[in-house]
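Protein chains in written order, with this note's numbering: chain A, 1 to 203; chain Z, 1001 to 1203. One structure is given below, encoded as structure tokens.
2 protein chains.
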Amino acid sequence: MESETATPVKGRPREFCVDKALAEALHVFWAKGYDGASMTDLTEAMGITKPSLYAAFGNKESLFHKALDLYESEKLEYTRAALQQPTARRVAEYYLRGGVDVHAAEGKPQGCMGLISSLACSPEAESIKADVIRRRSSSQRALVERFEQAKREGDLPAHIDAEGLTSLLYAILQGITVQAGAGATRAELERLVDTSLALWPSA
Amino acid sequence: MESETATPVKGRPREFCVDKALAEALHVFWAKGYDGASMTDLTEAMGITKPSLYAAFGNKESLFHKALDLYESEKLEYTRAALQQPTARRVAEYYLRGGVDVHAAEGKPQGCMGLISSLACSPEAESIKADVIRRRSSSQRALVERFEQAKREGDLPAHIDAEGLTSLLYAILQGITVQAGAGATRAELERLVDTSLALWPSA
DNA sequence: CAAATTATATACCGCGCGTTATGGAAAGCG
DNA sequence: CGCTTTCCATAACGCGCGGTATATAATTTG
């Protein structure tokens, strides 16, 4: 993307790496949610002062959207790979195990950044909630189509409701992130996944 | 509990009904979560002033715990009835349909009060989170025992992991409340429940 | 070297938060 | 009636919030 690593611009060069700072901001938002992350939390974690943050990222809200972009491209990349699994069961397994990997990883915040930031949101954070919901529903639509394809290909029984199954899979994923945030161990979440897959419809 | 409805005490009598005020406070906490509900939100909805609130309920945190008591006794009463259903499938169905009834009811806040208040909680609300988690795990334990009883009674296959199944049922419930809070319609949630029950293991 | 430009550092702004001090109003008790 | 007790109403407290004005440091351009 960036064609030149040097600084061909005039003026004093900035003393921090924007990408590194954004990664730190993501970590804070992920751990505390949009409302829970204060500007002081963010600037301290990013190692910069408030004016630098505002100059580089606009304001708190636009910083969050950029952090959410990074979160989706890095942490939720596995959902794209999931859709290309050969069978519906494999798709579901990829989704669930990937969800556990991302949201119950050691050394990382426990739970889902989007869920945390969108559930209990203050009035001024309604646009945050709307953004998260919009992203979620767009990825849900892709999963519905994948399951309808599976029905045509015969690896999902014809009597199964693809939309209902998608909502169910997302519900399980959301439950996984909720329970991860509540302190569930990885082993407990894996039992949850195993049980889910044991009930998965076979063709 | 209260043996006398009259006011046998000295001093100026209070001019509001404590139970009514608590019910209003519950509504606010349910809609906005613990952190999102400000004292001004609460006092305005309860129709009392801040000193009255502090005299009657202590502080914001103890008010929340009392509201959560009311929430559990009124809104989550169905979980007790659910455990007495004759089969594991009926228990699950009672849980899920009851969850939809409570958390996607018209004219009521959408979503689960405990989940909203415990997920993205500020540092000072850690005790709130701990309380919600404690209540949740105690009711989860009862469900595990109910499913183990079902295995002994033969209406649940022996190869099913009762703890995993309990975690799964709670995950679906949590997903239902998350999606209700995100604006899912009642019809969508009922499809989710129908699909869940279609996959439920039969003996 | 000066001029122009951009980033940094410090201090500050107005605001809403949870909480409380203060003074007066309404009751029972002598 | 005073006296005590309890509650209500107003106003204020200290604090941290998101956001910014001002001044200074570090560069490129002439």
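In this text, a Cβ means the ideal position worked out from N, Cα and C, and glycines have one as well.
Could you check how far apart the C-beta atoms of residue i and residue j are, in whole angstroms? I think they sit under 8 Å.
i                         : j                         : result
aspartate 35 of chain A   : serine 122 of chain A     : 5 Å
glycine 1098 of chain Z   : alanine 1082 of chain Z   : 6 Å
serine 1127 of chain Z    : leucine 192 of chain A    : Rounded, the Cβ-Cβ distance is 27 Å, inconsistent with contact.
glutamine 1149 of chain Z : tyrosine 1170 of chain Z  : Actually they are not in contact, since the Cβ atoms of glutamine 1149 of chain Z and tyrosine 1170 of chain Z sit about 18 Å apart, beyond 8 Å.
glycine 175 of chain A    : glutamine 1174 of chain Z : 4 Å
serine 1117 of chain Z    : alanine 120 of chain A    : 7 Å
leucine 63 of chain A     : aspartate 131 of chain A  : In fact, because the Cβ distance is near 13 Å, the residues do not count as touching under 8 Å.
Which residue from the options puts its Cα closest to that of residue i?
i                         : options                                    : result
valine 18 of chain A      : A/Gly58, A/Val100, A/Ala158                : A/Gly58
glutamine 179 of chain A  : Z/Arg1134, Z/Leu1053, Z/Glu1153            : Z/Arg1134
tyrosine 1095 of chain Z  : Z/Gly1107, Z/Glu1074, Z/Ile1172, Z/Met1039 : Z/Ile1172
tyrosine 1054 of chain Z  : Z/Val1144, Z/Ala1067, Z/Met1039            : Z/Met1039
alanine 25 of chain A     : A/Ala45, A/Ala105, A/Glu15                 : A/Ala45
leucine 209 of chain A    : A/Gly107, A/Phe29, A/Val91, A/Lys50        : Shown here, chain A extends from 1 to 203; a query on residue 209 of chain A therefore has no answer.
alanine 1021 of chain Z   : Z/Gln1084, Z/Leu1042, Z/Gly1181, Z/Glu1153 : Z/Leu1042
threonine 1185 of chain Z : Z/Leu1199, Z/Ser1196, Z/Asp1101, Z/Arg1014 : Z/Asp1101
histidine 1065 of chain Z : Z/Glu1015, Z/Leu1189, Z/Glu1188, Z/Gly1033 : Z/Gly1033
glutamate 106 of chain A  : A/Gln85, A/Ala142, A/Ala187                : A/Ala187
lysine 1129 of chain Z    : A/Leu143, A/Ala182, A/Val132, A/Gln84      : A/Ala182
leucine 199 of chain A    : A/Glu93, A/Arg80, A/Leu68, A/Pro86         : A/Glu93
glycine 154 of chain A    : A/Pro86, A/Val9, A/Ser73                   : A/Pro86
glutamate 1197 of chain Z : Z/Val1132, Z/Arg1090, Z/Ala1023            : The residue asked about is misnamed: residue 1197 of chain Z is leucine in this sequence, not glutamate. Ranking Z/Val1132, Z/Arg1090, Z/Ala1023 by Cα distance to leucine 1197 of chain Z puts Z/Arg1090 first.
alanine 1023 of chain Z   : Z/Ser1138, Z/Val1144, Z/Ser1073            : Z/Ser1073
lysine 108 of chain A     : A/Glu15, A/Arg14, A/Phe16, A/Ala31         : A/Ala31
alanine 56 of chain A     : A/Ala125, A/Phe16, A/Arg152, A/Gln84       : A/Phe16
arginine 136 of chain A   : A/Thr79, A/Glu61, A/Arg152, A/Glu124       : A/Thr79
glutamate 1061 of chain Z : Z/Glu1145, Z/Ser1052, Z/Ala1125            : Z/Ala1125
Determine whether the Cβ of residue i lies closer than 8 Å to any Cβ atom of chain Z.
i                         : result
valine 205 of chain A     : Outside the displayed span of chain A (1 to 203) sits residue 205 of chain A, for which this structure offers no information.
glutamine 174 of chain A  : yes
isoleucine 133 of chain A : yes
isoleucine 116 of chain A : yes
aspartate 101 of chain A  : no
threonine 195 of chain A  : yes
alanine 105 of chain A    : no
threonine 5 of chain A    : Bear in mind that a pLDDT of 45 at threonine 5 of chain A, under 50, signals an unreliable position, so the number given afterwards is only what the model happens to contain. Not closer than 8 Å to any Cβ of chain Z, the Cβ of threonine 5 of chain A fails to qualify, so no.
alanine 120 of chain A    : yes
arginine 89 of chain A    : no
leucine 68 of chain A     : no
leucine 192 of chain A    : yes
aspartate 155 of chain A  : no
glutamate 163 of chain A  : yes
glutamate 2 of chain A    : The predicted position of glutamate 2 of chain A is uncertain, since its pLDDT is 40 and thus under 50; no value can be drawn from it.
glycine 11 of chain A     : no
glycine 98 of chain A     : no
glutamate 126 of chain A  : no
alanine 187 of chain A    : no
glycine 33 of chain A     : yes
Counting only the same chain and skipping the five closest in sequence on each side, list residues whose C-beta sits under 6 Å from that of residue i.
i                         : result
threonine 1177 of chain Z : His1103, Gly1111, Cys1112, Leu1115
methionine 37 of chain A  : First, the amino acid is wrong: residue 37 of chain A is alanine here, not methionine. Contacts found: Val28, Phe29.
glutamate 77 of chain A   : none
serine 1052 of chain Z    : none
Would you please verify whether the beta carbon of residue i is less than 8 Å from any beta carbon of chain A?
i                         : result
serine 1202 of chain Z    : no
aspartate 1041 of chain Z : no
alanine 1021 of chain Z   : no
tyrosine 1170 of chain Z  : yes
glutamate 1182 of chain Z : For the sequence presented, residue 1182 of chain Z should be read as alanine rather than glutamate. Yes - at least one Cβ of chain A is within 8 Å of the one on alanine 1182 of chain Z.
alanine 1167 of chain Z   : Note that residue 1167 of chain Z is serine in the sequence shown here, rather than alanine. Serine 1167 of chain Z counts as touching chain A.
leucine 1199 of chain Z   : yes
glutamate 1015 of chain Z : no
glycine 1058 of chain Z   : no
glycine 1036 of chain Z   : yes
Leaving aside the five residues before and after residue i along the sequence, list all residues of the same chain whose C-beta is less than 7 Å from its C-beta, in chain order.
i                         : result
leucine 1156 of chain Z   : Ala1088, Phe1147, Ala1150, Pro1201, Ala1203
leucine 189 of chain A    : Val100, Ala104, Ile176, Gln179, Ala180
lysine 967 of chain Z     : Not covered by the structure: residue 967 of chain Z. The range shown for chain Z is 1001 to 1203.
isoleucine 48 of chain A  : Phe16, Ala21
arginine 1152 of chain Z  : none
glutamate 1004 of chain Z : Low per-residue confidence applies at glutamate 1004 of chain Z: pLDDT is 42, beneath 50, and the placement is therefore not dependable, though the value from the model is reported in the following sentence. Excluding sequence neighbours, glutamate 1004 of chain Z sits near nothing in its chain.
serine 138 of chain A     : none
Leaving out five residues before and five after residue i in sequence, what residues of the same chain have Cβ atoms less than 8 Å from its Cβ?
i                      : result
lysine 50 of chain A   : Met39, Thr43
alanine 142 of chain A : Leu83
valine 1144 of chain Z : Ala1162, Glu1163, Thr1166
Exercise. Assess, as a yes-or-no matter, whether the stretch 159-171 of chain A is touched by the stretch 1105-1125 of chain Z under the definition of 3 or more beta carbon pairs within less than 8 Å.
Key: Cβ pair count under 8 Å is below three, so no.
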